[in-house]
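Trainee: According to numbering that gives the first Met the number 0, the residues represented by the sequence shown are 0 to 233, in order.
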Amino acid sequence: MTVKNKILAQKIYLILGALFITSLVVSNLIFQKFFYWHPFDIKLFGVDLFILSVGILPYPITFLITDLISEIYGKQKANQMVTVGIFASIFSILIILVADSVPAIVDSPVGDELFSKVFGSTIIAVFASMITYLFAQFIDIHIYHFWKKLTKGKMLWLRNNFSTFFSQFVDTFTITFLLCIFEVLNWDQFMGLLISGFLFKIIIALIDTPFLYLGVYLFRRKFNLKIDEEINID
């Protein structure tokens with residue numbers, strides 16, 4: 000690889016990292032707003048199918064990015080990005096804690112009560128998210144590379160979907176369970192939100208498979224990579 004291409008590969012890695020961290024942190028900040036996506040009028044355990052937190056919208060992007068990085072940059076770089084995401088989440092908690100502790104002035108458009116109502120539970124959400132995030136992302140990367148090695152770099156759709164399906168179930172189950180434990184959500188919503196969240200993520204995983212193929216194709220074409228060949232940017 001030429002020096003010019005190596006620098007380009009490093010820049011792309013940083014851009015993907017920025018998108019990854021932004022998606023992760025923002026999903027933790029906006030989770031308290033729920034919406035109803037209703038392709039089907041079905042109730043599960045008393046909860047309408049696909050009643051979802053808006054925080055779920057950017058989250059699947061993180062799995063698409065880690066799969067792309069796993070495929071092109073390798074397992075070590077994918078794990079590195081997950082670790083950076085953890086530090087970003089911790090730092091966001093500290094910022095929220097400081098902001099919440101500062102008293103608002105009388106004329107402040109957003110008072111202490113409203114600010115705490117919106118962001119107070121965010122600390123719990125980020126903590127719960129970090130735990131699930133650790134489990135889900137590392138599981139996703141591990142399973143992805145297991146199938147990549149087993150198929151010798153072929154059948155990209157298989158490792159993308161198999162790794163995502165399992166890791167997304169772990170993610171959805173754990174985050175819903177912890178939010179119920181911390182009383183952010185009611186227990187009678189647990190099964191309905193678990194199934195809705197998991198099914199939605201599965202649908203998104205299937206939809207994003209062509210985008211992963213496109214990303215891998217563009218990388219291989221630009222950097223003249225063979226099947227199962229990875230870029231070393233160190």
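For glycine and all other residues, C-beta sits at the position ideal for the given N, C-alpha and C.
Note that this is a predicted model, so its numbers are computed, not measured.
Cα separation between residue 190 and residue 16?
Mentor: 33 Å
Trainee: Assign residue 178 to one of three DSSP states: helix, strand, or coil.
Mentor: In the three-state reduction of the DSSP assignment, residue 178 falls in the helix class.
Trainee: Take the Cβ of residue 175 as the centre, count every other Cβ of all protein chains shown within 10 Å, and call the residue buried at 16 or more, exposed below.
Mentor: buried
Trainee: First and last residue of the alpha helix (DSSP H) that includes residue 28?
Mentor: Under the DSSP assignment, residue 28 falls in the alpha helix (DSSP H) whose first and last residues are 2-28.
Trainee: Looking at C-alpha atoms only, which residue of 95, 199, 119 and 72 is the closest neighbour of residue 53?
Mentor: Comparing Cα-Cα distances from residue 53 to each of 95, 199, 119 and 72, the minimum goes to 199.
Trainee: Express the C-alpha separation of residue 181 and residue 74 in angstroms, rounding to a whole number.
Mentor: 34 Å
Trainee: Just the Cα atoms here: how many angstroms apart are residue 129 and residue 209?
Mentor: 28 Å
Trainee: Contact between the stretch 86-94 and the stretch 159-168: three or more CB pairs below 8 Å?
Mentor: no
Trainee: Return helix, strand or coil for residue 95, following the three-state DSSP convention.
Mentor: helix
Trainee: Can you have a look at residue 81 and say buried or exposed, based on whether 16 or more other CB atoms are within 10 angstroms of its CB?
Mentor: buried
Trainee: Please determine, among 141, 187 and 153, the residue with the shortest C-alpha to C-alpha distance to residue 165.
Mentor: 141
Trainee: Here's the rule: buried if 16 or more other CB atoms are within 10 angstroms of the residue's CB, otherwise exposed. What is residue 70?
Mentor: buried
Trainee: Just to confirm, is the Cβ distance from residue 227 to residue 63 under 8 Å?
Mentor: no
Trainee: Count the other CB atoms within 10 Å of the CB of residue 103; is the residue buried (16 or more) or exposed (fewer)?
Mentor: Using a 10 angstroms sphere on the CB of residue 103, the tally of other CB atoms stays under 16, which defines it as exposed.
Trainee: DSSP state of residue 195, grouped into three classes?
Mentor: In the structure shown, residue 195 sits in a helix (DSSP, three-state: H, G or I).
Trainee: Note down, in chain order, each residue of its chain lying with its Cβ closer than 8 Å to the Cβ of residue 205, except the 5 sequence neighbours on either side.
Mentor: 160
Trainee: I'd like the list of long-range same chain contacts for residue 186, defined as Cβ closer than 8 Å, with 5 residues on each side in sequence excluded.
Mentor: Excluding sequence neighbours, residue 186 sits near 179.
Trainee: From the DSSP secondary-structure annotation, give me the bridge partner or partners of residue 51.
Mentor: 34
Trainee: Looking at the unbroken alpha helix (DSSP H) that takes in residue 59, where does it start and where does it end?
Mentor: 58-71
Trainee: Is it right to say residue 19 is buried, meaning 16 or more other beta carbons lie within 10 angstroms of its own, or is it exposed?
Mentor: buried
Trainee: What's the C-alpha gap between residue 66 and residue 143?
Mentor: 7 Å
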